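For the sequence shown, the residue numbers in the working numbering are 2 to 132.
I have placed the structure first, in the form of C-alpha cells, so that the comments after it can refer back to it.
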Amino acid sequence: MYFLDAAITETNSSANYFPIGIQFLFAIGFVAVMMGATHFIGPKRNTEDKLQNFESGIESVGNARQPMAIKYFLVAILFVLFDVEVIFFYPYAVNFRELGWSGFGSVAMFVAFFLAGFFYIIKKGGLQWED
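Have a look at this one:
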C-alpha cells in the first residue's frame, strides 16, 4: 500500500508541471521575439494608401452610421443561440451512459423546447428576408 500512496503523491507534485511551464515560457518568448523582429526589421513606409482604413477590400462609401436592417442582427443572434445549443450537447455525449434514461429525457426535453422556439421563429417570419 505504501507504493500506491507514494505513486499518488508523486503524480500530483508540482514538479510534474515544470515541462508545461517551460513550454509556456518558450511560446511567450517566441511570440515576443517574432513581434520584436518584425517591428525592427520590417519596412516602414507609411504612405497615404497604407494609412487609409481597410474595409474588406471594398471602397468605403457614405456614412458608417446609417441604419441597418434588424434582420441581420436577428440572424446573428439566432446563429449564436443555436451554436450555444450544440455546446450543451457535449457533456451529454461524453456521459450519456452514466446519465441513463433520465439524462436522455432531459436532453430530449431541451431539444423539444429549442425546436418549439425555432418553429415559433419560422412562423413569425424571422428568417424571411423579403418583405
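Ideal Cβ positions, reconstructed from N, Cα and C, are used throughout, including at glycine.
Note that the coordinates shown come from a computational prediction; the quantities given were computed from them, not determined experimentally.
Residue i versus the options, residue with shortest Cα-Cα distance
i	options	result
residue 86	119, 51, 66 and 74	119
Coarse secondary structure for residue i, derived from DSSP in three states
i	result
residue 36	helix
residue 26	helix
residue 99	helix
residue 14	coil
residue 125	helix
residue 63	coil
residue 43	coil
residue 20	helix
For residue i, the first and last residue of its enclosing alpha helix (DSSP H)
i	result
residue 87	71–95
residue 51	49–52
Whole-angstrom distance between residue j and residue i, CA atom to CA atom
i	j	result
residue 102	residue 109	10 angstroms
residue 81	residue 75	10 angstroms
residue 42	residue 25	25 angstroms
residue 131	residue 72	10 angstroms
residue 30	residue 20	15 angstroms
residue 27	residue 17	17 angstroms
residue 23	residue 123	53 angstroms
residue 32	residue 121	48 angstroms
residue 90	residue 54	41 angstroms
residue 39	residue 46	14 angstroms
residue 88	residue 69	30 angstroms
Contact under 9 angstroms by Cβ, residue i with residue j
i	j	result
residue 79	residue 116	no
residue 97	residue 104	yes
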